[in-house]
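Counting from -15, one number per residue, gives the positions in the sequence shown under this note's numbering.
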Amino acid sequence: MVEKIRKLMRKKSHYALITGGSQGFGKLLALELSKQHFNVILVALPGENIEQTAAQCRHLGVDAETYEADLTNRDELLKMTEWANNKFNINILINNAGTGGTQCFHKSDLRYIENLIQINVMATSIITHQLLPNLLRQDESYILNVSSMASFSPIGFKTVYSATKRYIQHFSRALCQELKGTSVFVSVVLPGPMKTNAEITGRIEKQGLLGKIGLVTPEKAAKVSIRKMLKRKPYIIVGKRNYINKFLLALLPPQIKMQLMTNAAKREIEG
Ligand SMILES: NC(=O)c1ccc[n+]([C@@H]2O[C@H](COP(=O)([O-])OP(=O)(O)OC[C@H]3O[C@@H](n4cnc5c(N)ncnc54)[C@H](OP(=O)(O)O)[C@@H]3O)[C@@H](O)[C@H]2O)c1
């Protein structure tokens, strides 16, 4: 009975906002939340089938709203947060939108580097800042930020990516600390490699053993992430193998760890 009432309450008045919710990991997080009766707001780039994902969420019995915006554009980003704050009570924020890649830093297009920092670091920070007053108004709220196992070491050829994901890890842990005693709990998930689309699958396959050891299905990662977020786990690792990876990596001298991970990234470019 209590669970039924909780479900009804979830259904009626509160929303989970997921950035990058149209495809990949973000879509699976949105579907997982819908299965658990949370209404969702999906945010993604224009023209990326966001309505199809929303329809799948509605099919699970919840309300699904959509907003198309390029989160690297500060004005669009602020319009999106203003729209969300004016229309909805938000009790879950998932900063999933992100981009990666493996490239030689000095040969990269400047726009590629700017885009990576803007979407991974700036968008996560600004959206969190703008939606926090809304989250703080709710009796119980959650923020889940998506980092990566790549945040455990600097990685050559993923130079900017690994640094942005380290930022997400520190930002989330520090914010969780800062918000102690409030209604908002902050978690960070550090997925291992997930075959979320053809391009990423190709990259993972070229990494060799390191890519294979920590491989998790995005479905499992989404399920574990939502379950642990709702259990207020601040630091989420998916799958036993990635716990072992983390442990083994912590035993290695930093220089060797960095070399191993850089070699795996280099194989992606050379493969
Ligand atoms: N796949 C992995 O192996 C892996 C491992 C660890 C961590 N992660 C992290 O997991 C998250 C999701 O990755 P994924 O594998 O699902 O990748 P993906 O399939 O490429 O999805 C990325 C999502 O981010 C959105 N996005 C990218 N740039 C955007 C922009 N400028 N404005 C608005 N939305 C934008 C995309 O929206 P559109 O749908 O509109 O394009 C897409 O929904 C990322 O933060 C990634 O770093 C992935």
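The C-beta atom is built at its ideal place from N, Cα and C for all residues, glycine as well. Because the structure is a prediction, the values reported are computed rather than measured.
Count the other C-beta atoms from every protein chain shown that fall within 10 angstroms of the C-beta of residue i, then say buried if there are 16 or more, exposed otherwise.
i, result
"Gln256", "For the chain, the structure presents residues -15 to 255; residue 256 sits outside this window and is missing."
"Gln239", "exposed"
"Gly186", "exposed"
"Ser18", "buried"
"Ala61", "Looking at the sequence shown, residue 61 is not Ala but Leu. Buried, by the Cβ-count rule."
"Asn226", "buried"
"Gly4", "buried"
Using only CA atoms, which one of the options lies nearest to residue i?
i, options, result
"Trp67", "Ala53, Asn79 and Asn33", "Ala53"
"Val172", "Lys149, His113, Asp123 and Val24", "Lys149"
"Ile152", "Gln122, Asn181, Val170 and Ile184", "Val170"
"Leu174", "Glu60, Cys41 and Asn129", "Asn129"
"Asn99", "Pro237, Thr56 and Leu44", "Thr56"
"Met258", "Gln161, Ala158, Leu159 and Val200", "The chain is shown only over -15 to 255; residue 258 falls outside these bounds and no answer can be derived."
"Ala134", "Lys230, Glu60 and Met64", "Lys230"
"Asn79", "Ser146, Ser92, Val27 and Thr37", "Val27"
"Ser156", "Leu194, Asn104, Ile228 and Lys250", "Asn104"
"Leu194", "Pro202, Ala206, Ala249 and Met213", "Ala249"
"Ala0", "Val46, Gly84 and Gly176", "Val46"
"Asn118", "Asn70, Glu32 and Ser146", "Asn70"
"Pro138", "Asn23, Met245, Leu12 and Gln20", "Met245"
"Thr112", "Met64, Arg216, Gly85 and Tyr96", "Met64"
"Ile184", "Leu163, Leu159 and Gly8", "Gly8"
Go ahead and pull the three-state DSSP assignment for residue i.
i, result
"His(-2)", "strand"
"Glu52", "strand"
"Phe169", "strand"
"Asn33", "coil"
"Thr86", "coil"
"Thr180", "coil"
"Ser209", "helix"
"Lys204", "helix"
"Leu199", "coil"
"Lys224", "helix"
"Gly8", "helix"
"Ala81", "coil"
"Val46", "coil"
"Gln20", "coil"
"Gln40", "helix"
"Ile139", "coil"
"Leu163", "coil"
Who are residue i's beta bridge partners in DSSP?
i, result
"Thr3", "Val27"
"Ile76", "Ala0 and Tyr126"
"Tyr219", "Val172"
Taking 8 Å as the CB-CB limit, is residue i close to chain D?
i, result
"Leu214", "Among the protein chains of the structure shown there is no chain D, as only one such chain exists."
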